[in-house]
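To start, the structure itself, in structure tokens.
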Amino acid sequence: MYYSEILECGKFTYRKHHFPWHLHPNYWSFSLTVDGSAELIFAGRPITVKAGDMVIIPPLAPHRTVVEDFFTYKIIRVSVGNPALGGAGRFCGHLVRDKRAAVVFHHWYERLKASGSAGLPGGFPESFRPYLPEESFGEAAGHSPLGQALAYMHENFSAPVQLEDLSRAAFLSSSHFQRLFKQEFSISPMRYIQSLRIDKAKELIIRGNPMTEVALATGFYDQSHFNKYFKMLVGMRPSAYSAVVRND
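Using the numbering used here, you'd call the opening residue of the sequence shown number 371 and step up by one each time.
What follows is the structure, given as structure tokens:
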């Protein structure tokens, strides 16, 4: 597995918020709960994460988080290039309850924050590698129908994308395509597009791009449309997210 760059490094606090089902097409998420608790659901099973718990979620793993009271966590997201074009993974993630792992995460996080390394190559802790599979992707890869549709999404996410465009790229009927996609990813094709656009928007925000440019560059109609979906999937407005992740 190739970890090309650190895309996100920040500490987030949420009050009551129910995140919808989503996934991250392009990066691994490593998080450490600092305070409070939340229910994390992936692979069809809910788990309660609390202070000291580390969670590792790979690209393409559908999940949702439910915060009923408050929840504070630190997160590092690591790019793996474009895994979606290499296929979909069956690796669902890890809940790690190990004080040594928490210490390693903390040192990694503090080093990145001190160096302002978001968006740049970053050293990956070797002690975390046993938690990761050598190969996570494969079944929807290459020139398979879903692989073709994923390639189309990643090439055209900034433009209007309709279900008919995706089923045509996959050489399938719309109904057959939707059924196969939901079986593979547990979310709809349109939710995948939303997740991809928000991930791309995060990258642009971290680089300091103006919000109006970010909205248009990632396929949203206007700033209001962008704000709505960003808050739904990220739990806060784009401006609040920028204040957390940028080292200004």
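C-beta: ideal position from N, C-alpha, C; glycine also.
Exercise. With a CB to CB cut of under 6 Å and the five nearest residues on each side skipped, what residues in its chain are close to Thr442?
Worked result: Thr383, Val404, Asp405, Gly406
Exercise. Taking C-beta to C-beta, are Val584 and Gly380 nearer than 8 Å?
Worked result: no
Problem set entry | Residue burial classification, Lys572 (beta-carbon count within 10 angstroms, cutoff 16) | buried
Exercise. If you draw a straight line from the alpha carbon of Tyr472 to that of Ile426, how long is it in whole angstroms?
Worked result: It should be noted that the sequence gives Ala, not Tyr, for residue 472. Straight-line Cα distance between these residues: approximately 12 Å.
For this session: Sort Pro500, Gly517, Pro559 by Cα distance to Gln532 and report the nearest one.
Result: Pro559
Exercise. Can you check whether the CB of Val604 is closer than 8 Å to the CB of Ile576?
Worked result: no
Exercise. Are the region 534-545 and the region 416-423 touching by the rule of at least three beta carbon pairs closer than 8 Å?
Worked result: no
Problem set entry | Element boundaries [alpha helix (DSSP H), containing Ile563] | 559-576
Problem set entry | Reference Glu438, options Met424, Ala408, Ala431, Ala421, closest by Cα | Ala408
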